[in-house]
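Colleague: Next up is a structure, given as structure tokens.
Numbering (the working numbering), first residue to last: 253 to 573.
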């Protein structure tokens, strides 16, 4: 009798996850976006959410919670109920940079969130004010070396990928410059156009109109492959800075403890959405690439980038309390 009781108890313990997956979602799903509206992460989330809403018949809503390099949104997601109704649009900034850069976090990225699928790589490009004399990457680096650290080099803020791209370029290129952190891309772009700063690693959607208008000059793509909207612009590695690669990926994660069958359903829904012409077009117009994946592939991406950017942070001495 006691054995039968334990067997029934074990069976009942499994039922909620199964039932939950079969009826999931039965209400609105929120995707926490740890960055402001209108940026790459927000646009990806809204495009993905629309396709999932159409497929599931339940609203899938972008929930923007920007601040602290993505940590405010990440903490909110990490502390959410593991029931599949709160998702997180993770980024290389939150999961490969944050763990090494911030000395104190109120959550554990490795333990509190688990991968579902990569979504896209939306690379950054190095853009220069027209006053910069170099026409290609090696000429720009030679000019930076000649300036003795006087050049103002912008970033989207301390702890962002834009900041770490600058640190990696400085390390590999062997030059010094003044790092000027801004609160996002928009104020940095304003000062770059004015000539207050002269170089900036920025997202393609933000900088492409200025490059096409001739107000800024594109120097190189930061990612490991060229952008489809700037096919003639070489990567940093192709431009002569061997070893430079900075893929600006985004992907969906959920709180640890979310039932595996719900993770599987989410993964299937995301991959189907990413295969649609509408979502592919939105990603391509941002200069990005579709990166749908298994949870295991996303986990491997995070591990590799965490090791890589952790090394850059240690070597640069960057730290945020």
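Cβ atoms here follow ideal geometry from the backbone N, Cα and C, with glycine treated the same way.
Of all the options 405, 381 and 306, which has the alpha carbon lying nearest to the alpha carbon of residue 446?
Modeller: When only C-alpha atoms are compared, the closest one is 381.
Colleague: So which of 322, 514 and 308 has the shortest CA-CA distance to residue 289?
Modeller: 322
Colleague: Which residue marks the beginning of the alpha helix (DSSP H) containing residue 374, and which one marks its end?
Modeller: Here residue 374 belongs to no alpha helix (DSSP H), and DSSP marks it neither H nor E.
Colleague: Would you mind working out which of 286, 343 and 305 sits nearest residue 315, comparing C-alpha positions?
Modeller: Relative to residue 315, the option among 286, 343 and 305 whose CA is nearest is 286.
Colleague: Where residue 390 and residue 336 are concerned, what is the direct C-alpha to C-alpha distance, given to the nearest angstrom?
Modeller: Whole-angstrom Cα-Cα distance: 48 Å.
Colleague: With a Cβ-Cβ cutoff of 7 Å, do residue 369 and residue 522 count as a contact?
Modeller: yes
Colleague: In whole angstroms, give me the CA-to-CA distance for residue 377 and residue 481.
Modeller: Those two C-alpha atoms are separated by around 12 Å.
Colleague: Indicate whether residue 344 and residue 557 have their beta-carbon atoms separated by less than 7 Å.
Modeller: yes
Colleague: Please report how far the alpha carbon of residue 245 lies from the alpha carbon of residue 311, in whole angstroms.
Modeller: The question about residue 245 has no answer, for the chain in this structure spans 253 to 573.
Colleague: Based on Cα-Cα distance, which residue from 527, 283, 407 and 503 lies nearest to residue 548?
Modeller: 503
Colleague: Is the separation between the beta-carbon of residue 436 and that of residue 379 shorter than 7 Å?
Modeller: no
Colleague: For residue 327, count neighbouring C-beta atoms within 10 Å of its own C-beta (all shown protein chains included) and say buried if the count is 16 or more, exposed if not.
Modeller: Counting Cβ neighbours within 10 Å, residue 327 comes out buried, since at least 16 surround it.
Colleague: Which one of 566, 562 and 567 has the shortest CA to CA distance from residue 574?
Modeller: It is not possible to answer for residue 574, since the shown part of the chain is limited to 253 through 573.
Colleague: On the CB-based measure, 16 or more other CB atoms within 10 Å of its CB, does residue 385 come out buried or exposed?
Modeller: exposed
Colleague: Among 302, 375, 281 and 306, whose alpha-carbon lies nearest the alpha-carbon of residue 291?
Modeller: Among 302, 375, 281 and 306, the Cα nearest to that of residue 291 belongs to 375.
Colleague: Considering only residues of the same chain and omitting the five flanking positions on each side of residue 395, which have a CB-CB separation below 7 Å?
Modeller: 384, 385 and 386
Colleague: At a cut of 8 Å, does the segment 424-431 reach the segment 393-409 through at least three beta carbon pairs?
Modeller: The segment 424-431 vs the segment 393-409: in contact.
Colleague: Within 10 angstroms of the Cβ of residue 461, are there 16 or more other Cβ atoms? Answer buried if so, exposed if not.
Modeller: exposed
Colleague: Can you grab the Cα-Cα spacing for the pair residue 553 / residue 524, in whole Å?
Modeller: For residue 553 and residue 524, the distance between alpha carbons rounds to 21 Å.
Colleague: Curious, which full-length alpha helix (DSSP H) runs of at least 4 residues does the segment 480-566 contain?
Modeller: 512-526 and 529-537
Colleague: I'd like the span of the beta strand (DSSP E) that includes residue 406, first residue to last.
Modeller: In the DSSP assignment, residue 406 falls within the beta strand (DSSP E) that extends over 404-407.
Colleague: Decide if residue 279 is buried, meaning its Cβ has at least 16 other Cβ atoms within 10 Å, or exposed.
Modeller: Classification for residue 279: exposed.
Colleague: Would you mind giving the Cβ-Cβ distance between residue 338 and residue 511, rounded to the nearest angstrom? I have them listed as a contact below 8 Å.
Modeller: So it is not a contact: roughly 14 Å between Cβ atoms.
Colleague: What did DSSP end up calling residue 461 once you bin it into helix, strand or coil?
Modeller: helix
Colleague: Let me check one thing: in DSSP terms, what residues is residue 378 bridge-paired to?
Modeller: Beta-bridge pairing links residue 378 to 453 and 472.
Colleague: Look at residue 414 and residue 423 and say whether their C-beta atoms are less than 7 Å apart.
Modeller: no
Colleague: Determine the burial state of residue 274: buried for a count of at least 16 other Cβ atoms within 10 Å of its Cβ, exposed for fewer.
Modeller: exposed
Colleague: Report buried or exposed for residue 439, applying the criterion of at least 16 other Cβ atoms within 10 angstroms of its Cβ.
Modeller: exposed
Colleague: Residues in the same chain with beta-carbon distance under 7 Å from residue 542, minus the five sequence neighbours each way, listed in chain order, please.
Modeller: 372, 526, 532 and 535
Colleague: Considering only C-alpha positions, which residue in the set 491, 304 and 412 is nearest to residue 477?
Modeller: Taking the Cα of residue 477 as reference, the smallest distance to any Cα among 491, 304 and 412 is reached at 491.
Colleague: Hey, residue 301 and residue 283 are a contact pair by Cβ (cut 8 Å); roughly how many whole angstroms apart?
Modeller: Confirmed, Cβ separation roughly 6 Å.
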